[in-house]
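Notes follow once the structure below has been shown.
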């Protein structure tokens, strides 16, 4: 057990180190001159003298290995430098924007779970009923809706016409409703269909048919067998969806003026603001590595058979 844990820690740190190397190299191999870009974004006239001073200030005169070690040492201390464009420390800015994305992502993820799981289960249990047909139609329709169109429609109906909710911005909890609905709607449709399929496969299994023949209620089967046995089929997808939500959605953030980490990253790419780009890339890499660990552990938590096989090894 200790040896397995040590292996995972070493693998995690090695992968994080590799992400840091790739992040550094991508910045260096980009076509833009880092010193020239710094001067342009800072609105300083580009001259041979100013270029030389910028390279010295940014440490670009040093060899690449030395630049990487210097950047990595500062990054480990939480110092990612100062934004070229905004002239503020990068890490506090990224963390502030990530908090906005985190609140939106977790709210959307909760909506996906609370909506798609019961809809998918009942649609499968009552296959062929009116409820099943309506649910399938709504699922297919939601998947087909573009996020920007749905966002504007929700704004027109609930913010402009009915005046129930704010149009944009981050005022209070009500400001989360329209963006989270827009972000989660298509995913709700996808997971409703996926859960319905997984539950139907379980219902067609021999042990469920035998239980129904013995008079076991469908509610008991759903609670104790169908849902638990269907979870491994959707758990991996849900973990990837959570990472997708936490890395920000540019379209939803733009429609609702939600200043999250996704819009910050895109703005940094457009202005070639390398300190922000590097910090965001490391954050995204950290999220995906965490998701990888979570995905490996989910079968152990969900399926006792996997835990038993692991303990016997």
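In the UniProt record's numbering, the protein residues as written are 1 to 313.
Note that beta-carbon positions come from the ideal geometry of N, C-alpha and C, so glycine has one too.
In the structure shown, residue 115 falls within a helical segment according to DSSP collapsed to helix, strand and coil.
Secondary structure at residue 107: helix, using DSSP grouped into helix, strand and coil. Pairing residue 251 with residue 90 gives a Cβ-Cβ distance that is not under 9 Å. From the listed residues 292, 288, 300 and 283, the smallest Cα separation to residue 98 is found for 283. The alpha-carbon separation between residue 204 and residue 102 amounts to approximately 39 Å.
Pairing residue 79 with residue 27, the inter-Cα distance amounts to about 17 Å. In this structure, DSSP gives residue 63 a state outside helix and strand, which the three-state scheme calls coil.
The C-beta separation of residue 109 from residue 245 comes to about 6 Å, placing the pair in contact by the 8 Å criterion. Secondary structure at residue 146: coil, using DSSP grouped into helix, strand and coil. Boundaries of the alpha helix (DSSP H) harbouring residue 200: 174-203, taken from the DSSP string.
By the beta-carbon neighbour count (other beta carbons within 10 angstroms, threshold 16), residue 139 is buried. Annotation for residue 48: the continuous alpha helix (DSSP H) segment containing it runs 48-58. Looking only at 219, 187, 216 and 226, the smallest Cα-Cα distance to residue 198 is reached by 226.
Residue 89 sits in a strand when the DSSP states are folded into three classes.
Taking a cut-off of 8 Å for Cβ pairs, the segment 206-224 and the segment 144-151 do not touch, as fewer than three such pairs fall below it. A Cβ-Cβ separation of about 6 Å places residue 195 in contact with residue 234 under the 8 Å criterion.
Short of 7 Å from the beta carbon of residue 289, and not among the five residues preceding or following it, lie these beta carbons of its own chain, in chain order: 12, 15 and 16. Every alpha helix (DSSP H) of 4 residues or more that sits fully in the segment 199-280 is shown, in chain order, as 206-213, 218-221, 227-246, 250-255 and 261-271. Ranked by how close their Cα comes to the Cα of residue 186, the residues 72, 115, 55 and 293 have 115 in first place.
The distance from the Cβ of residue 85 to that of residue 93 is about 11 Å, inconsistent with a contact at the 8 Å cut-off.
Bounds of any alpha helix (DSSP H) do not take in residue 159, whose DSSP letter is neither H nor E.
Distance from the CA of residue 56 to the CA of residue 81, rounded to the nearest whole angstrom, comes to 15 Å.
Nearest Cα to residue 265 within the set 74, 96 and 54: 96.
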